[in-house]
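Undergrad: I'd like to ask you about the structure that follows.
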Amino acid sequence: MHLAYPVVLAALLFSIGVYGVLARRNSVLVLMSVELMLNAVNLNLVAFDAWLRDSLHAGQALTLFTITLAAAEIGLGLAIVLLVFRTRGTADVDRVTALGDRAAEIPAQAGPAPDAVSKGQAL
Amino acid sequence: MNVAVPALVPALPALGAAAIFATGRRAPGWTRPLAILPVLAAAALALTAALQLGTGRTLNATTLLTPTGGPDIYLSLHLDGYTSLISVLVGLVATCVQIYSTAYLKADPRYPSYAALVSLFTAAMFLVVYSGDLVVLLVGWEVMGICSYFLIGHHWETADARAASLKAFLVTKLGDVPFLFGIFVLAGDAHTFQISGVLAAAAHGQLHHPTLIALLLLAGVAGKSAQFPLHTWLPDAMAGPTPVSALIHAATMVAAGIYLVSRLLPVFLLSGAALVVLAVLAAVTMIGSALCALAQDDIKRVLAYSTVGQLGYMAGALACGDREAAVFHLVSHGAFKALLFLSAGVLIHAAHTNSLTAMARIPGLRGRVPDARWTLGIGLVALVGLPPFSGFFSKDAVFTAAEHAADGNALTNGVGPASAVPQAAGWIVLIAAGLTAVLTAAYATRLWLLAFPAKAGQVAVPNGGPEAGAPYSPELDEVTPGHAEPAAMRWPLWVLAIPTIGFGVTGLNPDWLPKLLDGGSLRPSPATAVVGTGLAVAGVLICWAAWRGATARVRAAAATAVPDPGRALLGPLYRAAQHGFFVDRLYTLLFVRPTVAAAELVKFLDREVVEGYVQGSGGAAKLLGWAVRRSQTGNAQTYLSALLAGVVLIAVFVAVGR
Amino acid sequence: MTSSLLLAAGSLAPASRGFLSPTGVEIVFVLVGLAVLGAALLTVTTKQLVHAALWLVVALGGLAVEFLLLTAEFVAWVQVLIYLGSVVVLVLFGLMLTKAPIGRSPDADSGNRWVALGVALATAATLVTLVVDAFRTSWIDLGSGGGSTAAVGASLFRYWVLPFEALSVLLLAALVGAVVISRNGKGGTAAPRAGKLRTPRPATRPATRPSTRPSTRQER
Chain A
456 MHLAYPVVLA
466 ALLFSIGVYG
476 VLARRNSVLV
486 LMSVELMLNA
496 VNLNLVAFDA
506 WLRDSLHAGQ
516 ALTLFTITLA
526 AAEIGLGLAI
536 VLLVFRTRGT
546 ADVDRVTALG
556 DRAAEIPAQA
566 GPAPDAVSKG
576 QAL
Chain B
297 MNVAVPALVP
307 ALPALGAAAI
317 FATGRRAPGW
327 TRPLAILPVL
337 AAAALALTAA
347 LQLGTGRTLN
357 ATTLLTPTGG
367 PDIYLSLHLD
377 GYTSLISVLV
387 GLVATCVQIY
397 STAYLKADPR
407 YPSYAALVSL
417 FTAAMFLVVY
427 SGDLVVLLVG
437 WEVMGICSYF
447 LIGHHWETAD
457 ARAASLKAFL
467 VTKLGDVPFL
477 FGIFVLAGDA
487 HTFQISGVLA
497 AAAHGQLHHP
507 TLIALLLLAG
517 VAGKSAQFPL
527 HTWLPDAMAG
537 PTPVSALIHA
547 ATMVAAGIYL
557 VSRLLPVFLL
567 SGAALVVLAV
577 LAAVTMIGSA
587 LCALAQDDIK
597 RVLAYSTVGQ
607 LGYMAGALAC
617 GDREAAVFHL
627 VSHGAFKALL
637 FLSAGVLIHA
647 AHTNSLTAMA
657 RIPGLRGRVP
667 DARWTLGIGL
677 VALVGLPPFS
687 GFFSKDAVFT
697 AAEHAADGNA
707 LTNGVGPASA
717 VPQAAGWIVL
727 IAAGLTAVLT
737 AAYATRLWLL
747 AFPAKAGQVA
757 VPNGGPEAGA
767 PYSPELDEVT
777 PGHAEPAAMR
787 WPLWVLAIPT
797 IGFGVTGLNP
807 DWLPKLLDGG
817 SLRPSPATAV
827 VGTGLAVAGV
837 LICWAAWRGA
847 TARVRAAAAT
857 AVPDPGRALL
867 GPLYRAAQHG
877 FFVDRLYTLL
887 FVRPTVAAAE
897 LVKFLDREVV
907 EGYVQGSGGA
917 AKLLGWAVRR
927 SQTGNAQTYL
937 SALLAGVVLI
947 AVFVAVGR
Chain C
556 MTSSLLLAAG
566 SLAPASRGFL
576 SPTGVEIVFV
586 LVGLAVLGAA
596 LLTVTTKQLV
606 HAALWLVVAL
616 GGLAVEFLLL
626 TAEFVAWVQV
636 LIYLGSVVVL
646 VLFGLMLTKA
656 PIGRSPDADS
666 GNRWVALGVA
676 LATAATLVTL
686 VVDAFRTSWI
696 DLGSGGGSTA
706 AVGASLFRYW
716 VLPFEALSVL
726 LLAALVGAVV
736 ISRNGKGGTA
746 APRAGKLRTP
756 RPATRPATRP
766 STRPSTRQER
């Protein structure tokens with residue numbers, strides 16, 4: 456099999472993941488996009504493992520590790536999202552801007568209700 | 297003779313001043329003896345030195361003070377007839393002033409510092425007189441300047457005194473700067489700071505820039521001796537206590553300039569242009585100040601303008617190349633002007649005002665100050681120049697000098713060739729002096745008539761306070777009217793009255809005063825004597841007639857105004873003369889305003905331009921900070937977008953750049 | 556590095572093969588790959604949040620098929636078990652616990668969308684250009700048995716034991732961290748919510764890898 460097929464697929468999948476991470480508002484969806492990016496990497500690892508015929512199976516072992524790490528990551532990430540949601544009342548990434556500079560003007564978003572903004576920036 | 301005697305003369309008052317400064321605060325009781333005794337001793341020593349030196353001899357004692365890169369500076373004494381004469385005058389006046397001040401400033405809390413400054417001032421004047429080295433002379437010259445500043449500002453509670461002291465300091469310093477340069481140029485040409493060396497160089501024609509030197513020195517002389525462009529400080533300096541006026545502004549400090557020119561007269565004789573300039577300055581000073589004096593209401597300002605005018609006489613005599621006449625007039629003027637000031641001080645105490653018109657309204661003033669009235673009269677007659685008072689002889693010597701200079705055979709008495717003095721200088725001085733003699737007589741008469749009006753002219757006004765524009769007299773309430781003439785104030789008057797009356801006679805015999813000086817004749821020539829006396833008498837009569845006319849008009853109008861002959865005599869000039877011909881206003885326009893405007897410009901440049909850069913850099917940083925703040929939204933996605941975009945860019949650059 | 560890879564690939568590449576003569580495996584791979592890409596695109600663009608999670612299932616499942624096609628069968632099954640079984644379920648619970656709206660939500664994308672699109676396109680262009688340029692002459696020789704459970708397990712426990720154990724410690728730490736973070740420090744009202752999170756998890760999670768997952772379950 457031509458090596459270009461898996462690596463191009465991985466590259467495109469990674470880019471889609473990048474778009475999702477940067478464009479999605481809900482933090483759970485952001486986490487899902489992160490999973491897409493991780494899987495693109497996994498695909499690369501498996502493809503190169505097969506291409507190089509590694510006697511140690513380093514690519515596949517690393518893929519397993521990555522999958523495990525992804526599981527841990529999503530568990531922790533969801534815990535953080537839940538905590539944020541509990542304290543801030545929202546899981547939207549662009550509403551959680553308390554670490555930003557208060558004095559600088561927050562660019563107006565389309566659609567958000569004023570109370571949501573105030574809730575997200577409270578405390 | 298022993299050098300220690302003249303050396304002690306400047307040292308004693310200086311030590312006395314230091315002692316007063318040291319003890320004045322803790323032991324005020326010591327101040328009076330410490331003030332009087334050193335000055336008295338210095339005066340006695342000056343007299344001793346003068347007697348030991350005798351006539352026709354000079355004494356030079358020199359010790360190296362400090363080597364410099366160029367001409368060395370020596371601590372040197374130079375004694376001759378001139379120094380003898382002037383040092384005795386200084387000692388006499390200073391002693392009188394110190395004694396007089398003990399009564400005059402009896403209740404003044406700052407009397408110790410005052411007495412110390414007067415002593416220090418006396419020491420500085422002695423130093424100027426005795427010093428044979430120009431740099432050391434300059435030290436005394438500047439010490440006098442700073443003492444004068446402090447003494448004029450003695451009543452620093454009043455704005456007048458503060459302004460006057462600052463003005464005196466600044467104006468005299470304005471003259472001192474070119475004076476300093478003049479000394480340097482002189483020393484550069486003569487290769488020495490020693491006056492004897494300078495004179496020798498002048499005699500041998502080694503001075504290459506005589507006109508430059510003479511004009512530079514003249515600036516300092518004009519500042520110190522209150523000649524025309526720089527004379528404005530002297531009338532204002534009357535804000536100081538009256539004894540200070542007597543000491544500084546009549547007998548000593550203003551005499552320093554004249555004394556210096558007479559010492560360096562050979563240098564001035566090398567430059568005809570400088571002599572003409574000096575003559576013009578003297579003429580303008582004489583006439584202008586006499587006109588001003590005729591219009592003043594403040595008795596001290598009248599005397600101050602009179603001083604300026606008499607200094608003009610001396611400067612005129614010097615412009616005619618006759619230093620004998622100049623110093624003769626200096627000494628006689630020093631005596632009678634000190635007498636006038638001290639008498640005026642008594643009068644002011646008794647009247648509690650400086651204003652002549654206010655004095656005219658006080659009934660019985662003449663009876664309360666009989667001694668002062670007599671001495672004031674004596675001083676005024678000497679000022680007018682009626683024989684046989686000293687002023688007649690000395691003024692006549694000036695006339696004689698001017699007459700000879702106008703003829704072309706100036707009385708240089710061997711100091712230089714007679715042809716060195718331009719005839720123009722002689723004519724200028726002669727005409728100005730004649731005119732001034734009339735004016736002097738007029739204002740002296742006016743002063744007398746206003747201060748002690750005859751019964752017929754007296755207008756009794758119960759609540760006659762000072763005129764609205766009359767200057768405030770700081771010495772109010774310092775003595776009670778009942779003690780208007782304490783002994784300490786009365787005796788100095790009579791002591792000073794003796795030389796005022798009799799000093800002129802010493803010029804008659806060539807063996808007496810002329811032998812002490814250059815040896816020329818000081819005997820009045822019949823022509824000048826008659827003309828001078830005639831002019832003086834004419835002035836007196838004109839003023840008296842004007843006063844009679846004014847009195848008649850006032851009585852006809854049944855007004856309460858005081859008849860002022862000056863107003864009638866001066867006519868339209870009166871207002872201008874009252875304000876010193878607006879010279880101060882002119883200076884304000886010419887110098888003060890541009891300076892203030894320049895300061896404003898500098899302030900503007902500093903605030904708007906220089907600070908603009910500073911604030912601009914701050915503003916730029918602030919703007920940058922604002923822009924960076926704008927990017928700190930707190931939105932993690934924005935940050936991440938920038939991060940990834942940067943990573944992609946770097947990757948592309950690396951891939952392309954390979 | 557690319558050039559060295561190219562050299563290596565060139566030596567490996569049989570001259571007879573070409574792009575325009577795809578084998579059957581390649582055709583299947585491309586078709587499945589297109590499905591994966593489509594599902595992934597829907598995942599990141601759909602307005603319905605729950606649908607996004609379901610499209611994620613499709614994409615990850617398609618990737619499992621791709622792993623199978625690349626002869627990595629053990630990895631493929633692990634992918635199915637962990638990703639499809641546990642991660643997606645966790646994500647769904649996360650959506651529910653954060654009260655994500657069911658149905659279309661018009662503001663699913665943030666204002667950063669166009670920037671994100673630009674960055675993603677740039678990334679895609681760069682990466683695709685790079686990998687195509689680098690690996691256009693490389694072929695994979697798909698022998699059988701390279702990714703069987705036996706082979707992978709043997710290498711895992713022969714050569715990769717130490718990282719494997721370290722990973723179990725990492726998992727433990729992540730577990731403790733998740734518990735600490737999701738616990739309400741102040742007690743009170745949040746306790747029931749944490750319990751809700753806890754209860755369904757053992758039931759929905761299949762037993763996957765005995766070394767890691769059981770410990771997670773017991774700790775909670």
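Chains A, B and C are the protein sequences, given in the same order. Plus 455 on top of the position in the first sequence (first one is 1) and you've got the numbering used here. Plus 296 on top of the position in the second sequence (first one is 1) and you've got the numbering used here. Plus 555 on top of the position in the third sequence (first one is 1) and you've got the numbering used here. Every residue, glycine too, gets a C-beta built ideally from N, C-alpha and C. For clarity, every value in this text was computed on a predicted model and none was experimentally measured.
Per DSSP, what kind of secondary structure is SER660/C in: helix, strand or coil?
TA: coil
Undergrad: If we call anything under 7 angstroms between Cβ atoms a contact, is GLY816/B one with PRO810/B?
TA: Yes, the pair counts as a contact, with Cβ atoms nearer than the cut-off.
Undergrad: Can you pull the chain A residues whose beta carbon is under 7 angstroms from the beta carbon of GLY930/B, in chain order?
TA: THR552, ALA553, LEU554 and GLY555
Undergrad: So the alpha helix (DSSP H) ALA486/B belongs to, where does it begin and stop?
TA: 455-486
Undergrad: Going by Cα to Cα distance, which pick from THR398/B, GLY704/B, ARG559/B and GLY320/B is closest to GLY377/B?
TA: Each of THR398/B, GLY704/B, ARG559/B and GLY320/B was checked against the Cα of GLY377/B, and the nearest Cα belongs to ARG559/B.
Undergrad: Answer with yes or no whether the minimum CB distance from VAL948/B to chain C is below 7 angstroms.
TA: yes
Undergrad: For PHE465/B and ALA497/B, what's the separation of their Cα atoms in angstroms?
TA: The C-alpha of ALA497/B is placed about 33 angstroms away from the C-alpha of PHE465/B.
Undergrad: Between which two residues does the alpha helix (DSSP H) harbouring TYR370/B extend?
TA: That residue, TYR370/B, is in no alpha helix (DSSP H); its beta strand (DSSP E) goes 369-375.
Undergrad: Does any residue of chain B have a CB that is nearer than 7 angstroms to the CB of THR601/C?
TA: no
Undergrad: Check the Cβ of SER737/C against every Cβ in chain B and list those closer than 9 angstroms, keeping chain order.
TA: In chain order: nothing, as chain B lies at least about 20 angstroms away.
Undergrad: From the DSSP output, in three-state form, read off ARG479/A for me.
TA: In this structure, ARG479/A counts as strand in the three-state DSSP scheme.
Undergrad: Buried or exposed for ASP664/C, please, with buried defined as at least 16 other CB atoms from any protein chain shown within 10 angstroms of its CB.
TA: buried
Undergrad: Does the distance from the C-beta atom of PHE477/B to that of LEU512/B stay below 7 angstroms?
TA: Contact flag set, yes.
Undergrad: Among the residues of its own chain, which have a CB less than 6 angstroms from the CB of VAL299/B, if the five just before and after it don't count?
TA: If we look at VAL299/B and ignore the five residues flanking it on each side, its Cβ neighbours are ALA357.
Undergrad: Determine the extent of the alpha helix (DSSP H) in which ALA522/B is found, giving its start and end residues.
TA: Counting along the chain, ALA522/B falls outside any alpha helix (DSSP H), and DSSP gives it neither H nor E.
Undergrad: Within the 7 angstroms Cβ cut-off, does PHE622/C reach chain A?
TA: yes
Undergrad: What are the partner residues of HIS457/A, as DSSP defines its beta bridges?
TA: TRP694/C
Undergrad: Beta-carbon separation of MET549/B and LYS596/B under 7 angstroms?
TA: no
Undergrad: First and last residue of the beta strand (DSSP E) that includes THR359/B?
TA: Counting along the chain, the beta strand (DSSP E) containing THR359/B begins and ends at 355-362.
Undergrad: At the level of alpha carbons, what is the spacing between LEU955/B and GLY612/B?
TA: Summary: the structure shown does not reach residue 955/B, with chain B confined to residues 297 through 954, and so no result is reported for it.
Undergrad: By Cβ distance below 8 angstroms, which residues in the same chain neighbour VAL791/B in space, the five residues on each side in sequence not counted?
TA: LEU388 and CYS392
Undergrad: State buried or exposed for ARG753/C, treating a residue as buried only when at least 16 other CB atoms are found within 10 Å of its CB.
TA: Unreliable positioning characterises ARG753/C in this predicted model, as indicated by a pLDDT of 41, which lies under 50. The coordinate reading is nonetheless provided below. When all chains shown are included, ARG753/C counts as exposed.
Undergrad: Tell me whether GLY641/B is buried or exposed, calling it buried when 16 or more other Cβ atoms sit within 10 Å of its Cβ.
TA: Label assigned to GLY641/B: buried.
Undergrad: In chain order, what residues of the same chain lie with their CB nearer than 8 angstroms to the CB of ASP485/B, ignoring the 5 residues before and after it?
TA: ALA497, GLN502, LEU503, HIS504, HIS505 and ILE509
Undergrad: Straight-line CA distance for THR776/B to ALA646/B?
TA: The predicted position of THR776/B is uncertain, since its pLDDT is 45 and thus under 50; a value taken from the coordinates is nonetheless stated next. So the two alpha carbons sit approximately 8 angstroms from each other.
Undergrad: Could you check whether VAL635/C and ALA619/C sit closer than 7 angstroms to each other, using their CB atoms as the reference points?
TA: yes
Undergrad: Excluding the 5 residues preceding and the 5 following LEU597/C in the sequence, name in chain order all residues of the same chain whose CB lies nearer than 7 angstroms to its CB.
TA: TRP610
Undergrad: If we count Cβ pairs, one from each stretch, closer than 8 angstroms, do we get three or more for the region 493-513 of chain A versus the region 530-539 of chain A?
TA: no
Undergrad: Answer with buried or exposed for TRP669/C, where buried requires no fewer than 16 other C-beta atoms within 10 angstroms of its C-beta.
TA: exposed
Undergrad: Measuring alpha carbon to alpha carbon, tell me which residue in LEU430/B, ALA701/B and LEU682/B is nearest ALA740/B.
TA: LEU682/B
Undergrad: What do you reckon, are the CB atoms on ALA721/B and LEU571/B nearer than 7 angstroms?
TA: yes
Undergrad: In the DSSP assignment, find the alpha helix (DSSP H) that holds SER602/B and state where it starts and stops.
TA: 595-615
Undergrad: Taking Cβ positions only, does THR754/C come closer than 7 angstroms to chain A?
TA: Confidence in THR754/C is poor, its pLDDT being 41 and thus under 50, which makes the residue's placement unreliable; the coordinate value appears in the next sentence. So, not an interface residue.
Undergrad: Count Cβ pairs between the region 471-480 of chain A and the region 924-938 of chain B that sit closer than 8 angstroms; are there 3 or more?
TA: yes
Undergrad: Determine, using beta carbons only, whether LEU467/A comes closer than 7 angstroms to chain B.
TA: Chain B has no Cβ within less than 7 angstroms of the Cβ of LEU467/A.
Undergrad: Does the beta-carbon of ASP532/B have 16 or more other beta-carbons within 10 angstroms, so that it is buried, or is it exposed?
TA: With a 10 Å radius around the Cβ and a threshold of 16 neighbouring Cβ atoms, ASP532/B comes out buried.
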